[in-house]
Amino acid sequence: MSAEERLREERLRKLEDLRRRGIEPYPARCERTHTAQQLHERFANLPPGEETDEHVWVAGRVMGRRVLGKASFWDLRDGTGRIQLLLSQDALGEERYELLLRDVDLGDFLGAYGRVVRTRRGELSVRVEDYRVLAKALRPLPEKWHGLKDQEARYRQRYLDLLVNEPSRKTFETRSRIVRTMRRFLDERGFLEVETPILQPIYGGTAARPFTTYHNELEQTLYLRIAPELYLKRLLIGGFERVYEIGKNFRNEGISTRHNPEFTMLECYQAYADYNDMMELAEQMIYAIAQELGLERLSYQEHTIDLTPPWRRLTLREALLEHTGLDIEALPTHEALWEAVQRKGLFVDEQPTWGKLVDELVSEYVEPRLIQPTFLLDYPREISPLAKAKPTAPHLVERFEPFIGGLELGNAFSELNDPLDQRERFKQQEEQRRRGDEEAHPLDEDFLLALEYGMPPTGGLGIGVDRLVMLFTDARSIRDVILFPALRPKQEPS
RNA sequence: GGGCCCGUAGCUCAACUGGCAGAGCAGCUGGCUUUUAACCAGAAGGUUGGGGGUUCGAGUCCCUCCGGGCCCA
């Protein structure tokens, strides 16, 4: 028997011992009059050594234990904090006291009843007169002092990570606050929260490979959405002027410190707005989150970042001129640009088109250096099939991506609402697909039909929620901000 | 997909140049009625991620597979 199994056997033995003595280790009900936090608030001014007449029931997990013989001190933790239990043979009687010491382990859930006191050393405690075993744990918790450090275990058994690593718990509380603040920000501005299909007959809204599934009854292939964009636009056509959705997108691609196959996205659309309005919306929203968290200036990895609006606006042309010395407007063809890239000895892979080459150069030489909040704007038209062309430069579109700390945090356009132009763009994408581009946008006749009924001029904005949480929690990997990140299955010896 | 690093007791970590696998916490036994990582004493706990190889001898060197981390694509 392994050491692990022996520890489990030991606890099973205790569980049986409890049952033999008529104690159900998994009772259906439990009494609780106060949380730990409520007690700490209510008795904040109780002086050391003082006792109250107040009797309370507390409940929680046993996280620590100091046994001094016929008296002992136990740490009970609930969702709000920690409270000490003071147990003695005097108060419980020999039998009940011995049973507790013998059969209750660290990690078990315990309810305790007694008087609220403060010990001579100043620790608020419950002097226990009665107790209930609430749930027996069969496996030991990770070590109390060092916590759980093993990265793999922290991801695979997140409950243990949350249980013993305070910073991890804080990260996910912060994540929740960020999403809540986003909702409040948009709700206050008249945006309507909606839900659109995750199972889609045609995927679209961005360039990515999808997960494929099948509906048995309909005998139909369906795709998990890579973006909600095309459905949200249908709502603009339907007359809603401001909508947003926060939800999971699914992209069948590699896993990295910045990519999880399912990830959370905010998309919002505002009628009668353009990408300039969406820039303001984005910086205001992220600043509002920063204010909520008290992080208007924050540290991300080795950087100090100031989120105060307005943020820097930088066109791709300016950015590439600055970081590579290439003027893409003076190199308007694929051949000319590639020739210049090679002449300069720039280190990028060859790309099939001018637009993709520009994108590649930006990814390689510009994005990692965008530490302070920056909107990169005016992208090549051919890599942006859902964005409206710039009136002054039809080979470019009104599109931007926000960058902070080198992280790409989103994507936004003045949305293309010309149904004939949209059809042309889809056809160009089909052509790219024929040339082997698996990520080319599929042609969506149902969406084109909707667009032909008329969509108002609209600004759209997508924000990657996970990456935003990374920024605000100083996380190096997206896995640190996703409760249950995607991992390869661990092979169990059979 | 490529390169580098890591995987030792339930948890956190040791183990020199290849030479008896070791400690703390947890658990077990005993002691202790005001502790705060309580303390004191004792005994126990290992397929060193899996498989193969080199060697008198492998946690350590080599090959391979699995998982994780970092960097690159």
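Following the numbering used here, the numbering of the first sequence begins with 42 at its first residue and continues without gaps. Virtual Cβ for every residue (Gly too), placed ideally from N, Cα, C.
- Counting every other CB atom within 10 Å of its CB across the protein chains shown gives Q383 a total below 16, marking it as exposed.
- H364 is the residue among R224, H364 and A323 whose C-alpha sits nearest the C-alpha of V407.
- Contact between E234 and Y285 holds: their C-beta atoms lie close to 6 Å from each other, under 8 Å.
- Taking one beta carbon from each stretch, the segment 293 to 307 and the segment 240 to 258 have 3 or more pairs nearer than 8 Å; the two touch.
- Annotation: the continuous alpha helix (DSSP H) that includes F467 extends over P460 to R475.
- Segment contact: the segment 193 to 200 against the segment 521 to 528, three or more CB-CB distances shorter than 8 Å; contact assigned.
- G155 counts as buried, since at least 16 other C-beta atoms from the protein chains shown sit within 10 angstroms of its C-beta.
- Between M104 and L147, the C-beta gap is smaller than 8 Å, which places the two residues in contact.
- Taking all protein chains shown into account, P421 has 16 or more neighbouring C-beta atoms within 10 Å of its C-beta and is therefore buried.
- K185 sits in coil when the DSSP states are folded into three classes, being neither helix nor strand.
- Around the Cβ of V108, a 10 Å sphere holds fewer than 16 other Cβ atoms; the residue is exposed.
- Taking 4 residues as the shortest admissible run, the segment 61 to 91 contains the following complete alpha helix (DSSP H) segments, listed from N- to C-terminal end: 77 to 83.
- The beta-carbon distance between T74 and V157, rounded to whole angstroms, is 11 Å. This is too long to meet the 8 Å contact definition.
- Put simply, the backbone Cα of R225 is about 22 Å away from that of K274.
- Here DSSP, grouped into helix, strand and coil, assigns D318 to helix.
- Per DSSP, V506 is one residue of the alpha helix (DSSP H) stretching across V506 to T514.
- Under the three-state reduction of DSSP output, P351 falls in the coil class, being neither helix nor strand.
- R283 and F232 do touch by the CB rule: their CB atoms are close to 4 Å apart, below 8 Å.
- For S113, the enclosing beta strand (DSSP E) covers residues A112 to D119.
- When the beta-carbon positions are compared, P414 and I445 come within less than 8 Å of each other.
- Contact check between the segment 74 to 92 and the segment 172 to 187: fewer than three CB pairs, one atom from each, fall below 8 Å, which does not count as touching.
- For T222, the enclosing alpha helix (DSSP H) starts and ends at E207 to E229.
- Contact between I330 and M223 is confirmed by a C-beta separation of about 7 Å, below the 8 Å threshold.
- Between P435 and V403, the alpha-carbon positions lie close to 20 Å from each other.
- For P350, the closest alpha carbon among the candidates T298, F416 and R106 is that of F416.
- A distance below 8 Å separates the beta carbons of A323 and G451.
- Leaving aside the five residues that flank M511 on each side, the residues in its chain whose CB is nearer than 7 Å to its CB run, in chain order, L448, I519 and V522.
- Secondary structure of A430 (DSSP, three-state): strand.
- Of the candidates K385, G386, I412 and E376, the residue whose Cα lies closest to the Cα of K397 is E376.
- Between the C-alpha atoms of G122 and Q78 there is a straight-line separation of about 6 Å.
- Contact between G90 and D119 does not hold, since their C-beta atoms are separated by about 25 Å, which reaches or exceeds 8 Å.
- Per DSSP, L147 lies in no beta strand (DSSP E) and is assigned neither H nor E.
- Annotation: the segment 259 to 322 contains the following complete segments of the alpha helix (DSSP H) (minimum length 4 residues), in chain order: 270 to 278.
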